[in-house]
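**Q** Please read through the structure below; I'll follow up with questions.
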Amino acid sequence: MLRFLSFFSALVLLSPSVSAHPVTPTQTTYLGNEGIMVSDGHTTVLFDPLYPNGFGTYQMVPDVMRQHLMEGIAPYENVDAIFISHMHPDHFSIGEVIAYMRRHEQVRVFAPAQAVDWMRQEAGDDAIFDRVTAVGLERLDAPLSFREGDLTIDVVRIPHAGWPGRAEVSNLVWRVTLSDGITVMHLGDADPRDEHYAPHDDHWMVKRTDTAYPPYWFFTMGDGPQILSTRLNTLKATGIHVPIELPVDLFLTGADFFHVPGETRLIEKVGAE
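In my numbering, the protein residues as written are 3 to 275.
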């Protein structure tokens with residue numbers, strides 16, 4: 003009996019310390035167009051968060067959300083890195099990214115060399131460029147990998163939608179693993195033809211992606227559905243770049259997608275990589 007009471011007392015003493023450190027689930031928050039924030043409570047990253055133009059077609063980041071993001075007000079504080087897919091104005095704002103970098107001195111930016119060149123034209127030799135990584139990949143170049151703090155980063159250039167049009171645009175597909183082991187992939191405005199992805203099969207297969215964020219046309223066009231289901235080695239996909247006027251064909255697919263700024267999704271680690 004005394005042994006039982008001692009064991010029970012030990013459990014009671016231990017339980018407060020356990021409950022005081024709950025596991026924070028990894029969550030993705032939709033900002034607008036292809037802008038998302040992914041955070042596991044320890045590491046936080048942004049993809050295409052600041053851009054000046056939705057062309058009257060795509061969701062803009064709401065003014066209050068944008069202000070909180072720029073000022074680092076919760077839940078947009080303690081950002082570790084920003085990833086830019088390409089330099090189009092519905093994805094990338096030169097002035098705002100520069101202003102954000104100057105205000106938040108711990109943040110690193112990873113972007114196509116094309117976008118960084120634009121930043122340098124605006125900001126010259128500003129000290130922020132010590133925290134900027136320019137990626138100068140060409141089509142069919144081997145993917146690159148980086149390690150930054152608790153982040154593991156892989157990147158490959160995939161042509162912009164409309165190939166062979168816009169072939170000059172450097173569109174980067176980012177695969178980022180956070181400190182809790184969750185891996186996400188942001189495809190920018192990638193073209194949905196498997197001829198771009200097949201040459202990088204080893205890259206996709208070397209690591210399982212927990213959730214991919216493709217532009218919405220991957221659910222309805224070309225090889226998009228097959229790329230998502232078999233090529234990218236991803237467990238789930240949530241669409242982005244969805245027009246304000248929801249496409250009927252996208253709705254009919256039953257696919258998951260972001261449409262309203264502020265929406266969130268939880269990411270669960272399922273199975274081994």
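Note that beta-carbon positions come from the ideal geometry of N, C-alpha and C, so glycine has one too.
Predicted model only: the values in this text are computed from it and were never measured.
Taking Asp191 and Ala169 to be in contact with their CB atoms under 8 Å, please state how far apart those CB atoms are, rounded to whole angstroms.
**A** So it is not a contact: roughly 13 Å between Cβ atoms.
**Q** Determine whether the beta carbon atoms of Gln116 and Met72 lie at a separation below 8 Å.
**A** Result no, Cβ atoms of Gln116 and Met72 do not sit closer than 8 Å.
**Q** Spell out the partners DSSP gives His44 in its beta bridges.
**A** Beta-bridge pairing links His44 to no other residue.
**Q** Look up Thr240 in the DSSP assignment and say whether it is helix, strand or coil.
**A** Looking at Thr240 - three-state DSSP - the assignment turns out to be coil, as it is neither helix nor strand.
**Q** Helix, strand or coil for Pro24 per DSSP?
**A** For Pro24, the pLDDT reaches just 49, beneath the cut-off of 50, and the residue's location in the model is therefore unreliable, although a value from the coordinates is still provided. Looking at Pro24 - three-state DSSP - the assignment turns out to be coil, as it is neither helix nor strand.
**Q** Mind checking who Tyr32 pairs with in its DSSP beta bridge?
**A** Paired residue(s): Ile38.
**Q** Using the rule of at least 16 other Cβ atoms within 10 Å of the residue's Cβ for burial, across every protein chain shown, is His198 buried or exposed?
**A** It counts as buried.
**Q** Tell me where the beta strand (DSSP E) around Asp156 begins and ends.
**A** Its beta strand (DSSP E) spans residues Leu153 to Arg159.
**Q** Is Val109 closer than 8 Å to Ile86 when the C-beta atoms are compared?
**A** No; because the gap between Cβ atoms is not below 8 Å, this pair is not in contact.
**Q** Quick check: what's the CA-CA separation for Pro217 versus Asp92?
**A** Distance between the alpha carbons of Pro217 and Asp92 is about 13 Å.
**Q** Glu270: which of Leu237, Val66, Pro245 and Leu254 sits nearest, CA to CA?
**A** Closest option to Glu270, Cα to Cα, is Leu237.
**Q** Have a look at Gly56 and Asp152 and give me their C-alpha separation to the nearest angstrom.
**A** Rounded to whole angstroms, Gly56 to Asp152 spans 33 Å at the Cα level.
**Q** Return the CA-CA distance between Ala245 and Leu142, expressed in angstroms with no decimal places.
**A** Correcting the residue type first, residue 245 is Pro in the shown sequence and not Ala. Distance between the alpha carbons of Pro245 and Leu142: 30 Å.
**Q** Can you tell me where the beta strand (DSSP E) with Ile75 in it begins and where it stops?
**A** Taken as a continuous stretch (DSSP letters only), Ile75 belongs to no beta strand (DSSP E), as it is neither H nor E.
**Q** Let's see if you can read the secondary structure: which residues bound the beta strand (DSSP E) around Val178?
**A** Segment Leu174 to Thr179, the beta strand (DSSP E) holding Val178.
**Q** Are there 16 or more other CB atoms within 10 angstroms of the CB of His188, so buried, or fewer, so exposed?
**A** Buried: at least 16 other Cβ atoms inside 10 Å.
**Q** Please name the residue in Ala200, Gly58, Leu52 and Thr59 whose C-alpha comes closest to that of Met67.
**A** Comparing Cα positions, the closest option is Leu52.
**Q** Please work out which residues of its chain come closer than 6 Å, Cβ to Cβ, to Pro64, disregarding the five sequence neighbours upstream and downstream, and give them in chain order.
**A** Counting only Cβ-Cβ distances below 6 Å, and skipping sequence neighbours, we find Pro263.
**Q** Just to confirm my understanding: we take His261, look at its own chain, exclude 5 residues before and 5 after, and list those with CB closer than 7 Å. What are they?
**A** Val244 and Leu248, listed in sequence order.
**Q** Pick out whichever of Ile100, Glu79 and Glu265 has its Cα sitting closest to the Cα of Ala129.
**A** That would be Ile100, whose Cα lies nearest to the Cα of Ala129.
**Q** Whose C-alpha, out of Asp196, Ser231, Phe221 and Tyr60, is nearest the C-alpha of Thr211?
**A** Checked all of Asp196, Ser231, Phe221 and Tyr60; the closest Cα to Thr211 is Ser231.
**Q** To the nearest angstrom, how far is the alpha carbon of Asp276 from that of Trp165?
**A** Summary: the structure shown does not reach residue 276, with the chain confined to residues 3 through 275, and so no result is reported for it.
**Q** Can you look up Ile184 in the DSSP assignment and give me helix, strand or coil?
**A** Of the three classes helix, strand and coil, the one that applies to Ile184 here is coil, per DSSP.
**Q** Suppose contacts are defined by Cβ-Cβ distances below 8 Å. Is Thr26 in contact with Gly43 by that definition?
**A** In this structure, Gly43 lies closer than 8 Å to Thr26 by Cβ.
**Q** Which complete beta strand (DSSP E) runs does the stretch 112-155 hold, if anything under 3 residues is left out?
**A** Here the runs fully enclosed are 134-137 and 146-150.
**Q** For Asn235, which residues of its own chain have a beta-carbon under 8 Å away from its beta-carbon, when the five flanking residues on both sides are left out?
**A** These residues qualify, in order along the chain: Trp206, Met207, Lys209, Arg210 and Thr211.
**Q** Could you pull out every residue in the same chain whose Cβ sits closer than 7 Å to the Cβ of Pro145, ignoring the five residues on either side in sequence?
**A** The residues are Asp156, Val157, Val158, His202 and His205.
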